[in-house]
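Those sequence lines, one after another, are chains A and B. Be aware that the first sequence starts at 0, since it is given in numbering that gives the first Met the number 0, and climbs by one per residue. Be aware that the second sequence starts at 0, since it is given in numbering that gives the first Met the number 0, and climbs by one per residue. A short worksheet on the structure shown next.
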Amino acid sequence: MPELGRAALLVTLGLSLYALVAGATAAHLGRRRLARSAQNALVASFATTAVAAVVLLAALLRNDFSFTYVARSTSEALPTAYTISAFWGGQEGSLLLWLLVLTGFGAAAVSLNRSWARDLIVWVVPVFAAVSTFFAFLVVVVASPFASQAAPADGAGMTPSLQNPYMLAHPPLLYLGYVGLTVPFAFAIGALLSRKLDERWLIATRRWTLFAWAALGIGQLLGSHWAYVEVGWGGYYAWDPVENAALMPWLAATAFLHSVMIQEKRGMLRVWNVLLVILAFSLSLFGTFLTRSGVVNSIHSFTQSSIGPWFLAFIAVVVAVSLGLVLSRLPQLRSPTKLESAISREAAFLYNNLLLLALCLAILWGVVYPMLSEAVRGEAIVLGRSYYDFFLRAFGLPLLLLMGIGPLVAWRRASLASLATTFRWPTGVAVVTGVLLLLLGAGSSIPGLVAYTFAAFVLATIVMEFARGTRARKALGAASWPSAFGSLISRNRRRYGGYVVHAAIVMLAIGVAGSSAFDSVAEAKLARGDSLRIGDYTLVYRSLDERASANATEIRATLDVRRGDRELGTVEAGKNAYTIEDQVSNEVGIRSDKLTGEDLFVIAEQIDPDGSIYFRVFVKPLVNLIWLAGLVFLVGSLITLWPDRREQRRLVARASEVGIPATR
Amino acid sequence: MTLALVLAAALAVACVVAVALPFIREPEPESDELDDLDDAERHRLALLEERDRALAALKELEFEHRTGTVSDEDYRAQLGPLRRDVASALQALSRDQEEGRPDDARN
């Protein structure tokens, strides 16, 4: 029943528009019932969007090809899991998911904070509603998932590369991240509009920002693993515009999560923080625009559509209005305190922010340059890998080092003598590591060697922080070492969860440096029985088989793998031929060494009729640390996200002292 | 088609009720003014934030000195200013409370 879906989205549009107009009027005129009515409209818009989502999901599961979207994205033979993932596999469905998450987050953020920060929420509602109106307009007028047609006998099927388990989690996580950044944006703009620029907008949005940032981070790592195992070119990150689209808001949000600490601890960087929130949200819109407009050529961009101009216009309005508002509120945003010393934690966090922002803007320039050159010269000039690698080294390596320095420098000011004492051990560990690696031959890549040395430094500082903190907790009366360790983390989840996240970033850096700076590649055309050598691996091509799966014909070459004199078993690589989609995909063979984290990566590039195959084989040292980093990142994020009762009690006490209701 | 339209109509009606609920519940309220913070309350909130910030900074300095992250020299240099920040935040709060009392009494 596409009519129900269409009607539900039309009601969502009406509710969003009402929440925008009524909310803004109520906030401006100070009308209590109207404000409450606008809040109810925002919450109701989530319910109506959920109804639309259920209608689309039911149509997908029933293979109801009278829905144009279902016919275009699925087929009878498509496995059920991928039929579900088709919800966000196409443009209209993914825009509906955006709207669903947006209205859900809006309803939750407003409901959770409307007692505690009700004077602020009154202004937050119309901001949320403005964003939601835009997306509701898109799915009602421009790209409806409920367009209908005479049902064909079967659907067109799904792009083969999307038929991968990672597609069940990677896009929704990215959307949670993109949309999640609307919450800090709405509260920041609400605070600017209402001139209530106290700490409450930061407190109300801290966990939402962390959640969005963590979802974006995990989503990107899952996407990288998808590219690694599915796209079949031998890498995991290609600086593709759509990949960059997710990285840019994550970098901006990372900068914000660090600089917000300076505002909380020292009352500084108020303008900067608001600007970072605006930047992160604008980049999340830009990311969605890149993915969905078809404006760039990308392995991730599956559509050509007409939504581009709408998105660009909306982004322009968001940026112009937000910046205008910041300019008009500059006097109230002025910080009462100043940076006391260039050697202090706040200064280190500021350097970190500048580097993150510089990296983000360098990537943004790389993304928009082809579009600009096409518009100006009529020819799209793409900035290649070397451009991005240069800036990753120029800004990424100092960032890595700062990750170890920042947390160990005192707030306000630190003396050089105390820095020398504090960093004695980490520097020693880094120097020894660097020299050892140089002796072992890692000098073939200087950036790789520097990355490893800095990584050792940061890891040493993290271990030192945990060890010192646990010892201090024990001295303060913890019953045992484990309870001292537990109490250390539970008393300051943000700090120690942050260290766990830093450890994940270090693992990521080691994995990226190992797999990109010290990898090796070999190519050869092999007939059955032929062998290929790469490093100390020997691969022997044994057989070629063909088998049928639910919706594809799978062709697989089996190769025996030997390392030195040791038989390691076999690895399979080949291709899948998808009948309905009329497409062929590379299916790579990967053999992981669990002990060293190294991968042997086999691609069957070309299979000839006589059974001979052109193979490309990579050895990627330490690449599995990247995926392990994802797990550590998740643990660290969960620690920082976990509710802190002490902080809650403190906030409730503070609120009750002013007479604000203490319930949240 | 008919069922879809009936469901859509029911959804629209439910939404209208939800939106109108504040007006249905309170058709003639004593006051329809938003319960906003006044300037004095906002000022007090800022002072409380300043007090909490100063206390947290002092507590963090103590812990970081205990762990060894902050050296004795830096600790001694920072302890005085931080204590002064706490004292001035507490004084500002008590001044604000005293200045606010006549108003409280009137209310």
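For each residue, glycine too, the CB sits at the ideal point set by N, CA and C.
For Ser591(A), no alpha helix (DSSP H) encloses it; the enclosing beta strand (DSSP E) starts and ends at Gly588 to Asp592. In the DSSP annotation of this structure, the continuous segment of the alpha helix (DSSP H) that includes Gln647(A) starts and ends at Arg644 to Val657. Rounded to the nearest whole angstrom, the C-alpha separation of Leu599(A) and Leu6(B) is 56 Å.
When CB distances to chain A are screened at a threshold of 8 Å, the residues of the stretch 62-76 of chain B falling below it are Phe62, Glu63, Arg65, Thr66, Gly67, Thr68, Val69, Ser70, Glu72, Asp73 and Ala76, in chain order.
One thing to note: Ala52(A) has its Cβ no nearer than 8 Å to the Cβ of Val69(A). Neighbours of Lys473(A) in chain B, taken as residues whose beta carbon is under 8 Å from its own, are absent, since the nearest beta carbon is some 11 Å off. Taken in chain order, the members of the stretch 22-35 of chain B whose beta-carbon sits within less than 9 Å of a beta-carbon on chain A are Phe22, Arg24, Glu25, Pro28, Ser30, Asp31, Glu32, Leu33, Asp34 and Asp35.
Residue pairing by DSSP leaves Ser548(A) without any beta bridge partner.
Counting C-beta atoms within 10 angstroms of its own C-beta, Lys58(B) has fewer than 16 neighbours from the protein chains shown and is therefore classed as exposed.
In the DSSP secondary-structure assignment, Asn575(A) is bridged to Glu553(A) and Ser584(A). In this structure, Pro21(B) sits near Ser36(A), with a CB-CB distance shorter than 8 Å. In the DSSP assignment, the residues bridged to Gln605(A) are Tyr613(A). Shown here, Val367(A) sits in a helix according to DSSP, grouped into three states. Comparing alpha carbon positions, the residue from Leu360(A), Leu401(A) and Leu400(A) closest to Tyr386(A) is Leu360(A).
Closer than 7 Å at the C-beta level to chain B, one finds these residues of the stretch 33-57 of chain A: Ala34, Arg35, Ser36, Asn39, Ala40, Ala43, Thr47 and Val50. Listed by position along chain B, the residues whose Cβ is nearer than 9 Å to that of Arg333(A) form an empty set, because the closest Cβ is around 13 Å away. Residue-level contact check: Val18(B) touches chain A, since one or more beta carbons of chain A fall below 8 Å from its beta carbon. Within chain B, the residues Asp51 have their CB atoms less than 8 Å from the CB of Arg649(A), given in chain order. When secondary structure is reduced to three states using DSSP, Thr537(A) falls in the strand class.
Distances from the CA of Gly233(A) to each of Glu522(A), Leu594(A) and Arg653(A) were compared; the closest alpha carbon is that of Glu522(A). Trp249(A) and Phe210(A) have their C-alpha atoms spaced approximately 11 Å apart. Distance check between Leu268(A) and each of Ser193(A), Tyr350(A), Leu221(A) and Glu242(A) places Tyr350(A) closest, using alpha-carbon atoms only. Glu345(A) is classed as buried because its beta carbon has at least 16 other beta carbons within 10 Å across all chains shown. Short of 6 Å from the beta carbon of Asp544(A), and not among the five residues preceding or following it, lie these beta carbons of its own chain, in chain order: Arg555. Here the C-alpha atom of Ile638(A) lies approximately 32 Å from the C-alpha atom of Leu161(A).
Listed in chain order, the non-local C-beta contacts of Leu201(A) below 7 Å within the same chain comprise Val259, Gln262 and Glu263, local neighbours out to five positions each way being set aside. Within the same chain, and ignoring the five residues on either side of Leu407(A) in sequence, the residues whose Cβ sits closer than 6 Å to its Cβ are Thr421 and Thr460. CA-to-CA, the gap between Met402(A) and Val457(A) works out to about 7 Å. Using a 10 angstroms sphere on the CB of Phe389(A), the tally of other CB atoms stays under 16, which defines it as exposed. Listed in chain order, the non-local C-beta contacts of Ser340(A) below 8 Å within the same chain comprise Ala346, Arg411, Arg412 and Ala413, local neighbours out to five positions each way being set aside. Listed in chain order, the non-local C-beta contacts of Arg194(A) below 8 Å within the same chain comprise Arg328 and Gln331, local neighbours out to five positions each way being set aside. Look at the beta carbons and you see the stretch 112-119 of chain A not touching the stretch 78-96 of chain A: under three pairs across the two are nearer than 8 Å.
Leaving aside the five residues that flank Gln77(B) on each side, the residues in its chain whose CB is nearer than 8 Å to its CB run, in chain order, Leu60 and Val69. Sequence-ordered contacts of the stretch 118-132 of chain A with chain B read Asp118 and Val121 [C-beta pairs closer than 8 Å].
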